[in-house]
Amino acid sequence: MLDKQKSAYLGWNEKRRRGNIMIEPVRIGIGGPVGAGKTMLVEKLTRVMHHRFSIAVITNDIYTKEDAQFLIKHSVLPEDRIIGVETGGCPHTAIREDASMNFAAIDELKRRHPDVELIFIESGGDNLAATFSPELVDFSIYVIDVAQGEKIPRKGGQGMIKSDLLVINKIDLAPFVGASLEVMERDAKAARGAKPVIFTNLKEEIGLFDVVDWIEKQVLLAGLDE
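Converting from the sequence shown to my numbering requires adding 21 to each position, the first position being numbered 1.
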């Protein structure tokens, strides 16, 4: 079924190219605390998906472009498909209250690559309250990790509650920090209702393809039959 859906998307996109129809790229925000695995998720997603979709990336860091440099070094994407934004001050401002630097980066990526279909926008590491402006992104993924403790989903926070997908990373560390994945899943579902939660160990790519599947089915294929 997934192959059939991929074919449908690729067929639709080929028609878009042939017809020279200008369609805005889908923008997915990836947020979460420092060290949760946001940059690794972006690197893994681009590695898996780049041969099927035209992808670009924007990273947000407070005073450096460290995440962008990591992706330039380790990602399969060419350097001109990655832009690092130095936000200064509080990182959540650049993805919500004043996203002008990110909008400028989006425009630059579209200028460089008119065929771009998907842009990942990684936020700077922030607290559980950070959310993306709905004008900046179409969908959002929030990443937390088991090493922060099993109580994190129970604490809530707008980023975790309102995101379209919650990724709970570093499940391999659960035995070492005394965290129960069952408790984390229960609390996450209680906070998020029907919105999906995926457990991952991104280092070993456990759960990675569940995230890819969600993006392809729920994001990139949305509205194809309209």
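No residue lacks a Cβ here, since even glycine has one placed at the ideal position from N, Cα and C.
All of these numbers come straight from a predicted model, not from anything done at the bench.
Given this structure, state the Cα-to-Cα distance separating residue i from residue j, to the nearest angstrom.
| i | j | result |
| --- | --- | --- |
| Trp235 | Leu186 | 8 Å |
| Gly177 | Asn123 | 27 Å |
| Val167 | Phe91 | 23 Å |
| Glu100 | Phe74 | 17 Å |
| Arg48 | Asp159 | 5 Å |
| His134 | Leu98 | 12 Å |
| Lys210 | Glu138 | 31 Å |
| Val188 | Ile165 | 6 Å |
| Gln179 | Ala212 | 10 Å |
| Lys172 | Val204 | 8 Å |
| Val233 | Leu149 | 23 Å |
| Ala126 | Gly214 | 34 Å |
| Gly50 | Ser154 | 9 Å |
| Pro1 | Glu206 | Residue coverage of the chain in this structure runs from 22 to 247, which leaves residue 1 outside it and unanswerable. |
| Val240 | Ser161 | 10 Å |
| Val218 | Arg175 | 14 Å |
| Lys27 | Lys238 | With a pLDDT of 45 at Lys27, under the threshold of 50, the modelled position of that residue is not reliable, and no figure is offered here. |
| Glu129 | Asp208 | 40 Å |
| Phe141 | Glu226 | 19 Å |
| Ile76 | Tyr163 | 19 Å |
| Arg132 | Ile44 | 13 Å |
| Gly110 | Thr85 | 12 Å |
| Ala200 | Lys65 | 25 Å |
| Pro46 | His95 | 24 Å |
| His71 | Asp136 | 13 Å |
| Arg102 | Thr114 | 24 Å |
Residue range of the beta strand (DSSP E) that residue i falls in?
| i | result |
| --- | --- |
| Thr80 | 76 to 82 |
| Arg48 | 47 to 52 |
| Leu139 | 139 to 143 |
| Val218 | 218 to 220 |
| Asp185 | Note, Asp185: premise wrong, no beta strand (DSSP E); not H, not E. |
| Asp136 | Where Asp136 is concerned, there is no enclosing beta strand (DSSP E), given that its DSSP letter is neither H nor E. |
| Glu107 | 103 to 107 |
| Val198 | Not the beta strand (DSSP E): Val198 falls in the alpha helix (DSSP H), residues 195 to 198. |
| Asp166 | 160 to 166 |
Which residue wins for smallest C-alpha separation from residue i, given the options the options?
| i | options | result |
| --- | --- | --- |
| Ala151 | Val137, Thr221, Ile182, Ile127 | Ile182 |
| Gly3 | Ile116, Thr85, Leu98, Glu226 | What is shown of the chain runs 22 to 247, which leaves residue 3 out entirely. |
| Gly202 | Asp231, Gly170, Val63 | Residue 202 is actually Leu in this sequence, not Gly. Ranking Asp231, Gly170, Val63 by Cα distance to Leu202 puts Gly170 first. |
| Lys216 | Val63, Thr114, Ser184 | Ser184 |
Can you give me the start and stop residues for the alpha helix (DSSP H) that residue i sits inside?
| i | result |
| --- | --- |
| Asn123 | 121 to 133 |
| Leu229 | 229 to 235 |
| Val63 | 59 to 70 |
| Val204 | 202 to 213 |
| Glu87 | 87 to 95 |
| Ile173 | 173 to 176 |
If contacts are defined as beta-carbon pairs under 8 Å, then residue i and residue j qualify, I think. What distance do you get, rounded to the angstrom?
| i | j | result |
| --- | --- | --- |
| Gly146 | Val78 | That belief does not hold up - the Cβ atoms of Gly146 and Val78 are roughly 16 Å apart, past 8 Å. |
| Glu143 | Asn81 | 6 Å |
| Val69 | Leu242 | About 16 Å; that fails the 8 Å criterion. |
| Ile12 | Pro112 | Residue 12 is absent from the structure shown; the chain starts at 22 and stops at 247. |
How about the segment 209 to 225 and the segment 191 to 198: do they share at least three Cβ pairs that are nearer than 8 Å? Touching, yes.
Is the number of C-beta pairs between the segment 108 to 124 and the segment 59 to 69 that are closer than 8 Å three or more? Output reads no: the segment 59 to 69 does not touch the segment 108 to 124.
Do the segment 101 to 114 and the segment 78 to 89 touch if we need at least three Cβ pairs shorter than 8 Å? Counting Cβ pairs under 8 Å, three or more are found: they touch.
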